[in-house]
Amino acid sequence: MKILIVEDEPKTAAFVQRGFAEEGFVVDVATDGADGLHLATTGDYDAIVLDVMLPQRDGWSVLQAIREHRPDQPVILLTALDAVSHRVKGLTAGADDYLVKPFAFSELHARVRNLLRRTPVRRAEELNYDDLEMDRARHRAARSGQPIDLAPQEYRLLEYLLRHPGEVLTRTRLAEQVWDMNFDGDSNVVDVAVRRLRRKVDDPFEHKLIHTIRGVGYVLERRD
Ligand code: CA
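For the sequence shown, the numbering used here assigns the number 67 to the initial residue and increments by one for each residue that follows.
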């Protein structure tokens, strides 16, 4: 499970981050609205915890922009404004839930859990692109009906590509999203994994689906 915390107050951000990390979540933190929106729209999060009063761009505007890109993204608003009108504003703006500050981490955690239970099928069980398919329930992948035997890391990489077809995915983004690591320019872990994946997914077939964007990264795309 991966969660994004958008919170400018360092103490609150730290305790929420620690809390979710202890519960086994992978946690990203943004400390202003612009950075939060960037991560929210480029990353892949199971839930987003979004403060309302933020520098750069407030939570309302971030929420609105997230909704344009990701209508189904679960979002919980954190608000210090304990007024009915603000709560209503939050819910009509598309928040799935809200929590008034100050709050106990246990309550936030319970609400996030609850939200994830309510949206269990957000991540489709079956992903496909062109003649490539992945059945997540059975943990299987196939191309043109032929099963592809993938190592765990290759499976996660292919899953990520299938979730973002046609998008140019940078090495940095792949390293963060698939390996949960910060990319250092010298590391070729992404390139090595892509090469292995291509051997299985593309080499046996006439038309190639994984393409290199020189100096940038990779894209899953049918080109012929
Ligand atoms: Ca704040």
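For every residue, glycine included, the Cβ atom is placed at its ideal position computed from N, Cα and C.
Candidates the options: closest to residue i by CA position
| i | options | result |
| --- | --- | --- |
| A170 | W126, G283, G85 | G85 |
| F91 | H175, Q219, P270 | H175 |
| V282 | V256, Q212, E220, R262 | V256 |
| I69 | A79, F81, E75, V93 | V93 |
| T329 | E287, H230, N254 | For residue 329 there is no data in the structure shown, the boundaries of the chain being 67 and 290. |
| E191 | V118, R229, S151, V178 | R229 |
| T108 | P168, V82, R136 | R136 |
| K14 | E220, Y111, I114 | The structure shown does not extend to residue 14, since the chain spans only 67 to 290, so no value can be given for it. |
| L157 | L182, R177, W126 | W126 |
| E75 | L105, A106, F271, V118 | V118 |
| M67 | K77, A159, L240, L182 | L182 |
Assigned exposure category for residue i - 16 Cβ within 10 Å defines buried
| i | result |
| --- | --- |
| A298 | The chain is shown from 67 up to 290; residue 298 falls before or after that span and cannot be answered. |
| V145 | Residue identity check: residue 145 is Thr in the sequence provided, not Val. Buried: at least 16 other Cβ atoms inside 10 Å. |
| R296 | No answer is possible for residue 296: the residues shown for the chain start at 67 and end at 290. |
| A203 | exposed |
| L143 | buried |
| L227 | buried |
| Q212 | exposed |
| V154 | exposed |
| D101 | buried |
| D269 | exposed |
| R209 | buried |
| R289 | exposed |
| I132 | buried |
| I71 | buried |
| I279 | exposed |
Expected contact under 8 Å - CB spacing of residue i and residue j to nearest Å
| i | j | result |
| --- | --- | --- |
| L103 | V141 | The pair is not a contact, with the Cβ atoms about 12 Å apart (cut-off 8 Å). |
| E225 | M247 | That belief does not hold up - the Cβ atoms of E225 and M247 are roughly 17 Å apart, past 8 Å. |
| L235 | V285 | 7 Å |
| L263 | L223 | 6 Å |
| D98 | Q122 | 4 Å |
| E34 | A79 | Missing from the structure shown is residue 34; the chain here goes from 67 to 290 and no further. |
| L275 | D196 | 6 Å |
| K161 | L129 | In the sequence on display, residue 161 carries Ala and not Lys. 6 Å between Cβ atoms; contact. |
| G232 | E287 | 5 Å |
| A113 | V178 | 5 Å |
| D110 | Q243 | 6 Å |
Residue i beta carbon near ligand 2 (any heavy atom closer than 6 Å)
| i | result |
| --- | --- |
| G160 | Absence of ligand 2 from the depicted structure is noted, with ligand 1 being the only ligands included. |
### Query
How would the residue list near ligand 1 read, in chain order, if you kept each one whose beta-carbon is closer than 6 Å to any heavy atom?
Going along the chain, the residues that qualify are D74, E75, D117, M119, L120.
### Task
Would you list, in sequence order, the uninterrupted beta strand (DSSP E) runs of no fewer than 3 residues that lie entirely inside the region 76-143?
Those beta strand (DSSP E) runs which fall completely within the region 76-143 and span 3+ residues are 92-96, 113-117.
### Message
So within the region 211-249, which uninterrupted beta strand (DSSP E) runs reach at least 3 residues, ignoring any that extend past its ends?
### Response
Those beta strand (DSSP E) runs which fall completely within the region 211-249 and span 3+ residues are 212-214.
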